[in-house]
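First residue of the first sequence: 135, per the working numbering; consecutive thereafter. Each residue gets a CB set at the ideal place from its N, CA and C atoms; glycine is no exception. Just so you know, these numbers come straight off a predicted model, no measurement behind them. Reading through the structure tokens given below for one structure.
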Amino acid sequence: MTPLARLQQWFAARGWKPLPFQRQAWRHYLAGESGLIHTPTGSGKTLAAFGGPLLEALADSGERASKDKGRKRTARPLRVVWITPLRALAADTTRALGDVAADLGLSWAVAQRTGDASARDKRLARGGKLDVLVTTPESLSLLLSYPDSAPMFAALRCVVVDEWHELMGSKRGIQTQLALARLRRLSPGMRTWGLSATLGNLDEACRALLPPGTPPPVLSAARPRPMTLETLLPADVVRFPWSGHLGLSQLAGVLERLFAVRTTLLFTNTRAHAELWHQALASVWPEDAGTLALHHGSLGPAVRQQAEAGLRDASLRCVVATSSLDLGVDFPSVDQVIQIGSPKGVARLLQRAGRARHRPGETGHVLCVPTHALELAEYAATRTSIAEGVVETRRPPRLPLDVLAQHCVTVALGGGFDDAALLAEVRTTDAFAALDDTTWKRVLDFIVRGGDALEHYPEYRRVVRDDDGMYRVHDRVAALRHRLSIGTIASDGNIAVKFLRGGGLGAVEEAFLSRLRPGDRFRFAGRLLELVRLQDMTAYVRLVKQGDGVVPRWMGGRMPLSSRLAAQVRTTLASDRTSPEMRALQPLLAVQARVSHVPAPDVLLVEVVRRRDGQHVFVFPFAGRRAHEGLAALLAWRLGQRQPNTFSLSANDLGFMLSPQLPLSLDVGQLRGLLTPENLVEDLTHGANLGELARRQFRGIARVAGLLPPSLPGRTPRSLRQLQASSGLLFDVLSRHDPDHLLLGLARREALEEDLQVAWIQTLLVGLMDHEIVLARPESLTPLAFPLWADGMRAQLSTEAWQVRVKRAAEQLERRHGR
DNA sequence: GACCTGCTGCGGTTTG
Numbered sequence: 135m136t137p138l139a140r141l142q143q144w145f146a147a148r149g150w151k152p153l154p155f156q157r158q159a160w161r162h163y164l165a166g167e168s169g170l171i172h173t174p175t176g177s178g179k180t181l182a183a184f185g186g187p188l189l190e191a192l193a194d195s196g197e198r199a200s201k202d203k204g205r206k207r208t209a210r211p212l213r214v215v216w217i218t219p220l221r222a223l224a225a226d227t228t229r230a231l232g233d234v235a236a237d238l239g240l241s242w243a244v245a246q247r248t249g250d251a252s253a254r255d256k257r258l259a260r261g262g263k264l265d266v267l268v269t270t271p272e273s274l275s276l277l278l279s280y281p282d283s284a285p286m287f288a289a290l291r292c293v294v295v296d297e298w299h300e301l302m303g304s305k306r307g308i309q310t311q312l313a314l315a316r317l318r319r320l321s322p323g324m325r326t327w328g329l330s331a332t333l334g335n336l337d338e339a340c341r342a343l344l345p346p347g348t349p350p351p352v353l354s355a356a357r358p359r360p361m362t363l364e365t366l367l368p369a370d371v372v373r374f375p376w377s378g379h380l381g382l383s384q385l386a387g388v389l390e391r392l393f394a395v396r397t398t399l400l401f402t403n404t405r406a407h408a409e410l411w412h413q414a415l416a417s418v419w420p421e422d423a424g425t426l427a428l429h430h431g432s433l434g435p436a437v438r439q440q441a442e443a444g445l446r447d448a449s450l451r452c453v454v455a456t457s458s459l460d461l462g463v464d465f466p467s468v469d470q471v472i473q474i475g476s477p478k479g480v481a482r483l484l485q486r487a488g489r490a491r492h493r494p495g496e497t498g499h500v501l502c503v504p505t506h507a508l509e510l511a512e513y514a515a516t517r518t519s520i521a522e523g524v525v526e527t528r529r530p531p532r533l534p535l536d537v538l539a540q541h542c543v544t545v546a547l548g549g550g551f552d553d554a555a556l557l558a559e560v561r562t563t564d565a566f567a568a569l570d571d572t573t574w575k576r577v578l579d580f581i582v583r584g585g586d587a588l589e590h591y592p593e594y595r596r597v598v599r600d601d602d603g604m605y606r607v608h609d610r611v612a613a614l615r616h617r618l619s620i621g622t623i624a625s626d627g628n629i630a631v632k633f634l635r636g637g638g639l640g641a642v643e644e645a646f647l648s649r650l651r652p653g654d655r656f657r658f659a660g661r662l663l664e665l666v667r668l669q670d671m672t673a674y675v676r677l678v679k680q681g682d683g684v685v686p687r688w689m690g691g692r693m694p695l696s697s698r699l700a701a702q703v704r705t706t707l708a709s710d711r712t713s714p715e716m717r718a719l720q721p722l723l724a725v726q727a728r729v730s731h732v733p734a735p736d737v738l739l740v741e742v743v744r745r746r747d748g749q750h751v752f753v754f755p756f757a758g759r760r761a762h763e764g765l766a767a768l769l770a771w772r773l774g775q776r777q778p779n780t781f782s783l784s785a786n787d788l789g790f791m792l793s794p795q796l797p798l799s800l801d802v803g804q805l806r807g808l809l810t811p812e813n814l815v816e817d818l819t820h821g822a823n824l825g826e827l828a829r830r831q832f833r834g835i836a837r838v839a840g841l842l843p844p845s846l847p848g849r850t851p852r853s854l855r856q857l858q859a860s861s862g863l864l865f866d867v868l869s870r871h872d873p874d875h876l877l878l879g880l881a882r883r884e885a886l887e888e889d890l891q892v893a894w895i896q897t898l899l900v901g902l903m904d905h906e907i908v909l910a911r912p913e914s915l916t917p918l919a920f921p922l923w924a925d926g927m928r929a930q931l932s933t934e935a936w937q938v939r940v941k942r943a944a945e946q947l948e949r950r951h952g953r
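This is how it looks when you write it as structure tokens:
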């Protein structure tokens, strides 16, 4: 039987037929090509990517069987490396790939090599007795840091990178690019196949992943599954909050929908919100409390695994989760997905909606629960974007030299490298294609000597150039420290939360816990806890039955609305009159139109309001929160240059607010002058305090580049304060003695590009040049301005004073608008 | 009567 017939037989035994994109993928694979498989639904992608290697192996084993008849099998080389971003996926994939191979009669050893892999698997991987290796980018780098790994990869046929859309936009993706270049060098015949969800820039995804050359095949799995987006409309939008994010006023409606089906995944945008929603649901939960669970990234593995197991065996009715459940193992028993608050992006909502059960022929569905009125427009805009196939892009970082430095030490450790050869290899990656000779020399100088400012510290002399010209690591301590700090994810300063008798619940930010005193209560992991003592970066707690407690606020990503979605919101506000959300929002938009203007494309709305608490200037570029923060700082700086003044700022996804201490008199002409793209970088550098932003960026960079000592296993982890101190010290030393240091330059560049989004602001300002500016002077806060004003007040006032102010303002508005 | 904007991800030990 031919290999293809064998594989088809395997499909037939399950009542399946190979899908067209799977057959295409196999054909390209057998022709020796690399490519990308793009599957909106995720179904069938594993077999699309794994079928090629299977067919090839089946053909080989047929040949070998006839040649080697009766002879003992010789050692087999590793054939496939499968990279996944999640350990949980590695375990699942290992099982799945092993099963298929075994079914087809291939006596393959399939094992995983991740941090939590079994000792047997690790031995197999290091010992070179494997056919298929499932791993993470970090573990792959670790393997490359061992000198005995090179022969192991010498006959590699294929690398599959799963969930490439997740990796490509981050430094983990860059680490992957560099590792792939290494593998291609060790095994020149190797193919690369990527698996990706829907993405706005598939071409870029290919460039970043695949070897340079002819345009690769990009295969799509069938047509996307139709998806419907439903909004839980508030009973009366006019009385619905104009501001706020938690949305507990919708609790009753949500509860009703929860019990209309068996199992629900309820997504919130922040960990604190997940805790609060879990608490609220638990207080009205009509059945056994054990059927409600919580899942977020600060919870310990045991707590999370319990929730995941409950989803797998369908014993849970509802899990309240954050992005920690966006990806990962599929839970076929989930019937319904609910999204609380803003979806923030098309891709994220699609991803979350896709977590609900896939039944053949059934459309996907997500129920959106607004937390304030304007989110209705976000939902309508998201639906339009989905219908038009507009999905966000992910941009790979350019020339991240910290990752390169780390990779060079890895390669030096894994048998050493020749300067010119490694440079050529590194330049085959998309990220470092433009790396110039000078910078390369400085990277080498950095890992060999520590650079000008650090050359007197022996711990920064990690790599040695030997007499034969090869760069190697000789020092055992340096080797250990390097392996301990491989990877690009920095997460420090968390305090473990543990019960007195063992059991760990997870980790909470140092800044939060260090404010509590023994005896204080807080809510975490869905429980009310009392702090007993704080010791060695661990908080020992005991369970409290009743009472009240604060919920930690974590510091994490900012989750701004994607710029694409923000722009769509403006279009929606201006022109969508038919969606249920926008019909519901009409009364509010009528207020907005009456007292000011409703924003429209090609129009920049500016509102100047005078209140008893001072003057407020609201600007609505609809560009996403990050850009608005930068723009607010820019305008404040430019205004301050004209006349000394002090401003308080606030920004959200739709616009920003400037509240000057001395009132301004603004006209359209002045606004134009303030919004000029000229001198942008310079003004932003001063206005947003780039130095401080760069200093903050530097901590992560220093860690990736190997300048910060890793905390040793089994020892008390270093506190955030210690880390900040050592990275701050380094930053100062370098700034003083080596101001041109390549990592300082990188920190400034990242602060400009990522924190401040200069490129995007530049595009925006150029675009605004031919927008009409509408300057309105409403007598009171408009529906658009209200959330910004409330935010700004919160920053200034205590919680209670803030509540009183917001309430009073809301009441005034209500009277004024005749509600 | 209207309040709770800060996500996710990984990683070492080796000489019994």
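Exercise. Which residues in the same chain as residue 150 place their Cβ atom closer than 8 Å to its Cβ, once the five residues preceding and following it in sequence are excluded?
Worked result: The same chain holds no residue with a CB closer than 8 Å to that of residue 150 once the five nearest residues on each side in sequence are set aside.
For this session: Could you tell me if residue 206 is buried or exposed, where buried requires 16 or more neighbouring beta carbons within 10 angstroms of its beta carbon?
Result: Summary for residue 206: the model assigns pLDDT 46, below 50, so the residue's position carries little reliability; its value from the coordinates is reported in the next sentence. Exposed: under 16 other Cβ atoms inside 10 Å.
For this session: Could you tell me the distance, in whole angstroms, from the CA atom of residue 786 to the CA atom of residue 312?
Result: The straight-line gap separating the alpha-carbon atoms of residue 786 and residue 312 is approximately 37 Å.
Problem set entry | For residue 928 and residue 755, the rounded distance between their alpha carbons | Between the alpha carbons of residue 755 and residue 928 lies a distance of about 23 Å.
Exercise. Taking residue 354 as the reference, which of 372, 784, 664, 330 has the closest Cα?
Worked result: The option with the nearest alpha carbon to residue 354 is 330.
For this session: Starting from residue 825, follow the alpha helix (DSSP H) in both directions and report where the run begins and ends.
Result: Its alpha helix (DSSP H) spans residues 824-839.
Exercise. According to DSSP, what are the bridge partners of residue 910?
Worked result: Under DSSP, residue 910 shares a beta bridge with 741.
Problem set entry | residue 896 - DSSP class collapsed to helix/strand/coil | Assignment of residue 896 by DSSP, reduced to helix, strand and coil, places it in the helix class.
For this session: Measure the alpha-carbon distance for residue 301 versus residue 219 and round it to whole angstroms.
Result: Taken atom to atom, the span from the alpha-carbon of residue 301 to that of residue 219 is near 7 Å.
Exercise. Candidates 373, 809, 474, 188: which alpha carbon is nearest residue 906's?
Worked result: With distances taken between Cα atoms, residue 906 lies closest to 809.
For this session: Taking residue 636 as the reference, give the member of 548, 673, 186, 181 with the closest Cα.
Result: Nearest C-alpha to residue 636: 673.
Problem set entry | Spatially closest choice to residue 904 from 830, 802, 871, 780, by CA coordinates | Taking residue 904 as reference, the option from 830, 802, 871, 780 with the minimal CA-CA separation is 802.
Problem set entry | Status (buried if at least 16 other CB within 10 Å, exposed otherwise) for residue 873 | The residue is exposed, with fewer than 16 neighbouring Cβ atoms inside 10 Å.
For this session: Whole angstroms is fine: what's the gap from residue 647's alpha carbon to residue 348's?
Result: Residue 647 and residue 348 have their C-alpha atoms roughly 55 Å apart.
Exercise. Is the CB-CB distance between residue 899 and residue 814 below 8 Å?
Worked result: One thing to note: residue 899 has its Cβ within 8 Å of the Cβ of residue 814.
Exercise. What are the complete alpha helix (DSSP H) segments, minimum 4 residues, inside the segment 690-772?
Worked result: The qualifying runs are 697-709, 714-729.
For this session: Could you check the C-alpha separation between residue 360 and residue 497 for me, to the nearest Å?
Result: If I take the Cα positions, the gap works out to 5 Å.
Exercise. Hey, out of 439, 523, 499, whose CA is closest to residue 334's CA?
Worked result: Nearest C-alpha to residue 334: 523.
Problem set entry | Option in 771, 435, 790 with minimal Cα separation from residue 750 | Ranking 771, 435, 790 by Cα distance to residue 750 puts 790 first.
For this session: Could you say if the segment 765-783 and the segment 714-733 meet the contact criterion of at least three C-beta pairs nearer than 8 Å?
Result: With a cut-off of 8 Å on Cβ pairs, the segment 765-783 is not in contact with the segment 714-733, counting fewer than three such pairs.
Problem set entry | Proximity below 8 Å, CB of residue 699 to CB of residue 456 | Taking 8 Å as the Cβ cut-off, residue 699 and residue 456 do not qualify as a contacting pair.
Problem set entry | Per-residue DSSP class, three states only, for residue 330 | Strand.
Problem set entry | Whole-angstrom C-beta distance between residue 216 and residue 296, which should lie under 8 Å | Between residue 216 and residue 296 the Cβ distance is about 7 Å, and since that is below 8 Å, they are a contact.
For this session: Could you round the C-beta distance between residue 189 and residue 164 to whole angstroms and report it? I think they count as a contact, below 8 Å.
Result: At roughly 6 Å, the Cβ-Cβ gap stays under 8 Å, so residue 189 and residue 164 are in contact.
Exercise. Taking the C-alpha atoms as reference points, what is the distance between residue 489 and residue 520?
Worked result: Cα atoms of residue 489 and residue 520: separation of roughly 16 Å, rounded to the nearest angstrom.
Exercise. Beta strand (DSSP E) containing residue 294: first to last residue?
Worked result: Here the beta strand (DSSP E) through residue 294 covers 292-295.
Problem set entry | Nearest residue (CA-CA) to residue 364, options 770, 483, 692, 173 | The residue with the shortest Cα to Cα distance from residue 364 is 483.
For this session: Might you give, ordered along the chain, the residues of its own chain that have their beta carbon closer than 8 Å to the beta carbon of residue 139, omitting 5 neighbours on each side?
Result: Exclusion of the five residues before and after residue 139 leaves no residue of its chain whose Cβ lies closer than 8 Å to its Cβ.
Problem set entry | Boundaries of the alpha helix (DSSP H) in which residue 499 is found, first to last residue | For residue 499, there is no enclosing alpha helix (DSSP H); the enclosing beta strand (DSSP E) covers residues 498-503.
Problem set entry | Whole-Å CB distance - residue 463 paired with residue 526, under 8 Å assumed | About 24 Å separates the two Cβ atoms, so there is no contact after all.
Exercise. Since residue 376 contacts residue 507 with CB under 8 Å, what's their CB separation in whole angstroms?
Worked result: That belief holds up - the Cβ atoms of residue 376 and residue 507 are roughly 5 Å apart, short of 8 Å.
For this session: Just mark residue 465 as buried or exposed, buried being the case when its beta carbon has 16 or more other beta carbons within 10 Å.
Result: Residue 465 should be labelled buried.
Exercise. If you compare alpha carbons, which of 611, 428, 403 is closest to residue 123?
Worked result: What the structure shows of the chain is the stretch from 135 to 953, and residue 123 is not part of that stretch, so it cannot be assessed.
For this session: Give a yes or no on whether the C-beta atoms belonging to residue 657 and residue 413 are separated by under 8 Å.
Result: With respect to residue 413, residue 657 sits close: the two C-beta atoms are nearer than 8 Å.
Exercise. So what does DSSP say about residue 643, is it helix, strand or coil?
Worked result: Strand.
For this session: For my contact list, residue 551 and residue 605 are in at a C-beta cut-off of 8 Å; report their separation, rounded to the angstrom.
Result: Indeed they touch by this definition, with Cβ atoms about 5 Å apart.
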